[in-house]
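Throughout the sequence shown, residue numbering follows my numbering, covering 447 to 568 in sequence.
Ideal Cβ placement from N, Cα and C applies to all residues, glycine included.
Predicted model, so just to flag it, every value in this text is computed and none were measured.
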Amino acid sequence: MFRRRLQTLPPSPYPHVSVSPSLEVTWGQSVRVTCSITTEHSGGTFTLKHQTRDVQTSTSNPATFTLSSVTFDNEGRYHCVYQKVLSGQSFSSPQSDSIRLQVTGETHFHLRDSTNKHHHQL
447 MFRRRLQTLP PSPYPHVSVS PSLEVTWGQS VRVTCSITTE HSGGTFTLKH
497 QTRDVQTSTS NPATFTLSSV TFDNEGRYHC VYQKVLSGQS FSSPQSDSIR
547 LQVTGETHFH LRDSTNKHHH QL
């Protein structure tokens, strides 16, 4: 009788995600998002995702991603996914818990009246 030996892999760990300086940042400020995983699973690639879109990738562990000069487009949920190739096969971790980045700040609009003598700020 022929028996096949199956290679079993340890359960995929969840990556950890954190943010600095805080989850609420001022428009124009920089934010650092850090993804990490237990060291026994190192050697793969982190992908930082915003909503469903890939933002950046890194092979460092921990991986720190900088969002420079944030705008309101940067608001929303972020999470990390970790991918590693073992024996020629690619394995992905479950996604990390998500963090919700909130961007605060004032938006200024400069309007000129028809005589161009006055500026109005809303």
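Classify residue i as helix, strand or coil using the three-state DSSP reduction.
i, result
"aspartate 519", "helix"
"threonine 484", "coil"
"glutamine 502", "strand"
"glutamine 535", "strand"
"leucine 452", "Summary for leucine 452: the model assigns pLDDT 40, below 50, so the residue's position carries little reliability, and this model does not support an answer."
"tyrosine 524", "strand"
"proline 459", "coil"
Tell me the rounded alpha-carbon separation between residue i and residue j.
i, j, result
"serine 536", "tyrosine 528", "10 Å"
"threonine 503", "threonine 512", "11 Å"
"phenylalanine 492", "glycine 551", "30 Å"
"tyrosine 524", "glutamine 497", "6 Å"
"aspartate 500", "serine 514", "16 Å"
"threonine 454", "glycine 534", "With a pLDDT of 41 at threonine 454, under the threshold of 50, the modelled position of that residue is not reliable, and no figure is offered here."
"proline 508", "serine 488", "9 Å"
"threonine 510", "glycine 522", "18 Å"
Could you please give me the residues that DSSP links to residue i through a beta bridge?
i, result
"valine 479", "Val465 and Phe511"
"glutamine 548", "Glu470"
"glutamine 529", "Thr491 and Ser538"
For residue i, count neighbouring C-beta atoms within 10 Å of its own C-beta (all shown protein chains included) and say buried if the count is 16 or more, exposed if not.
i, result
"leucine 469", "exposed"
"proline 461", "buried"
"valine 531", "exposed"
"glycine 474", "exposed"
"serine 482", "buried"
Anyone know if the C-beta pair for residue i and residue j falls short of 7 Å?
i, j, result
"proline 459", "threonine 484", "yes"
"cysteine 526", "leucine 547", "no"
"valine 477", "phenylalanine 518", "no"
"valine 463", "serine 539", "no"
"valine 398", "valine 516", "No information on residue 398 is available, as it lies outside the stretch 447 to 568 that the chain covers here."
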